[in-house]
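Residue numbers (the working numbering): 26 to 156. Glycine is no exception: its CB is placed at the ideal position from the N, C-alpha and C atoms. Predicted model, so just to flag it, every value in this text is computed and none were measured. Here the structure comes first, spelled out in structure tokens, and everything after it is commentary.
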């Protein structure tokens with residue numbers, strides 16, 4: 026068993042898609058209208074293994090299925106080879122990294138908050154979450 030799909034709510038689909046494409050090299054799979062309990066739009070991205078759905082509701086309503094209160098995903102983790110490239114791309118967005126080993130460059134692990142405040146852990150394969 027493994028996780029194959031993550032949904033991330035944003036208020037600006039294009040901005041978030043461009044961000045994840047530039048920082049991590051994610052590929053855009055498509056843009057869709059989301060029906061039913063989740064009325065809005067979505068952009069699907071992939072790293073080749075996991076699907077990342079960026080979701081933008083038509084309205085922000087407390088009773089909507091879009092809102093999860095304080096429960097739900099806390100952060101996401103991304104494994105990449107080139108952490109230096111990602112760190113430099115983040116600087117271009119004015120985003121600070123933290124949690125890294127300050128004595129090692131490029132870092133094998135660091136954290137940042139994306140444009141919507143979602144915390145993202147970044148690790149090289151040798152520092153990743155393999156069990």
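Given that a residue counts as buried once 16 or more other Cβ atoms are within 10 Å of its Cβ, and exposed if not, what is residue 57?
exposed
Considering only the beta carbon of each residue, do residue 52 and residue 59 sit closer than 8 Å?
no
Beta-bridge partners of residue 200, as assigned by DSSP:
Since the displayed the chain opens at 26 and closes at 156, residue 200 lies outside it and no answer follows.
The alpha helix (DSSP H) that contains residue 113, what's its start and end?
108-117
Check this for me: beta carbons of residue 34 and residue 100, under 8 Å apart or not?
no
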